[in-house]
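Oh and the sequence shown: position 131 is 131 in full-length UniProt numbering, straight run, nothing missing. Structure first, commentary second.
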Amino acid sequence: MPKNPNLTLSGPDLAALLCSRVCHDVISPVGAINNGLELLDEGGTDADALDLIRTSALNASVRLKFARLAFGASGSVGASIDTGEAEKAAKDFAAAEKKTEVTWTGPRAIIPKNQVKLLLNLFMVAYSAIPRGGSLDVVLENPETDLKFSITARGRMLRLPAKYAEVSSGQMEEAVDAHSIQPYYTVLLADECNMELKHVVHEDRITFMAEAAAA
Numbered sequence: 001m002p003k004n005p006n007l008t009l010s011g012p013d014l015a016a017l018l019c020s021r022v023c024h025d026v027i028s029p030v031g032a033i034n035n036g037l038e039l040l041d042e043g044g045t046d047a048d049a050l051d052l053i054r055t056s057a058l059n060a061s062v063r064l065k066f067a068r069l070a071f072g073a074s075g076s077v078g079a080s081i082d083t084g085e086a087e088k089a090a091k092d093f094a095a096a097e098k099k100t101e102v103t104w105t106g107p108r109a110i111i112p113k114n115q116v117k118l119l120l121n122l123f124m125v126a127y128s129a130i131p132r133g134g135s136l137d138v139v140l141e142n143p144e145t146d147l148k149f150s151i152t153a154r155g156r157m158l159r160l161p162a163k164y165a166e167v168s169s170g171q172m173e174e175a176v177d178a179h180s181i182q183p184y185y186t187v188l189l190a191d192e193c194n195m196e197l198k199h200v201v202h203e204d205r206i207t208f209m210a211e212a213a214a215a
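Listed below in structure tokens is the structure:
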């Protein structure tokens, strides 16, 4: 029984909304690739078209690789994942966007898949807290014994994502949709991992944390 009363989606609805979210994230760079090809067909400047195609293809690739770890199976049920893969996926994702710097500290370890997925989804929540870019500092502690991690966001237009605040507090009033499915999935993963989510809002930063829930 989920601890959070908002966690009520059926399996098929959860899968459908996650698929919708992934498609939404990939449509933009794929569409830009198509625009670049049309530019070439129309006799546009080859260098500009190729640069658009190259940049958009990279963006689509890193988004898909990130989604595979954050939302996908990434191996068999119950598998474990190297946190180094999560670090690379997060840094590549931010680098492709070219507006946010990521620092990552803590020991590298192989941990349960759902914990890695929680880490990456909380990373996405923190990323959405700085829509104009900035920095994200990821810190992992005790990954092989009593895992806890924090992600501190700093940047312009800093704000706590409203949907995440609603879902994590158990006070969500509207039905879950494609816009709120990612924070919903973050909270669901925390429940599955028996980890507690917290956040602290300061004037110049927001820190998102996950640690083992109290017995």
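Beta carbons: idealized from backbone N, C-alpha and C, even for Gly. Nothing here was measured: the structure is a model prediction, and the numbers come from that model.
query: Which residue from GLU166, ALA213, ILE33, TYR127 puts its Cα closest to that of GLU101?
result: If you number the sequence shown from 1, residue 101 lands on position 101. Per the Cα distances, TYR127.
query: Which residues share a DSSP beta bridge with VAL139?
result: In the sequence shown, counting from the first residue as 1, residue 139 sits at position 139. According to DSSP, which records beta bridges pairwise, VAL139 is partnered with THR105, SER150.
task: Could you confirm whether any beta carbon from chain C is found closer than 8 Å to the beta carbon of THR83?
output: Looking at the structure shown, chain C is missing, and only one protein chain is on hand.
field: Validate contact between the region 146-164 and the region 202-210 using beta carbons, cut 8 Å, 3 pairs
entry: These segments touch.
query: LEU40 to ILE53, Cα distance in whole Å?
result: Start at 1 with the first residue of the sequence shown, and residue 40 comes out as number 40. Start at 1 with the first residue of the sequence shown, and residue 53 comes out as number 53. Approximately 10 Å between the Cα atoms of the pair.
field: ALA79 versus SER135: straight-line alpha-carbon distance, rounded
entry: Taking the first residue of the sequence shown as position 1, residue 79 is located at position 79. Taking the first residue of the sequence shown as position 1, residue 135 is located at position 135. When rounded, the distance between both Cα atoms is 31 Å.
- prompt: How is PHE93 classed by DSSP in three states: helix, strand or coil?
  reply: Counting from 1 along the sequence shown, the entry for residue 93 is found at position 93. Collapsing the DSSP output to three states places PHE93 in a helix.
message: Quick check: what's the CA-CA separation for LEU69 versus ASP137?
response: The sequence position of residue 69 within the sequence shown is 69, counting from 1. The sequence position of residue 137 within the sequence shown is 137, counting from 1. The alpha-carbon atoms of LEU69 and ASP137 are separated by roughly 20 Å.
Where the beta strand (DSSP E) containing THR207 begins and where it ends: The residue given as residue 207 occupies position 207 in the sequence shown. That run of the beta strand (DSSP E) goes 206-212.
Three-state secondary structure assigned by DSSP to LEU24: For this step, residue 24 is matched to residue 24 along the sequence shown. It should be pointed out that residue 24 corresponds to His in this sequence rather than to Leu. DSSP places HIS24 in helix when its eight states are reduced to three.
message: Is THR152 a contact residue of the ligand MN, with contact defined as CB to any heavy atom under 7 Å?
response: For the ligand MN, the structure offers nothing, since it holds no ligand at all.
First and last residue of the uninterrupted beta strand (DSSP E) at MET195: The residue you call residue 195 lines up with position 195 of the sequence shown. Counting along the chain, the beta strand (DSSP E) containing MET195 begins and ends at 195-201.
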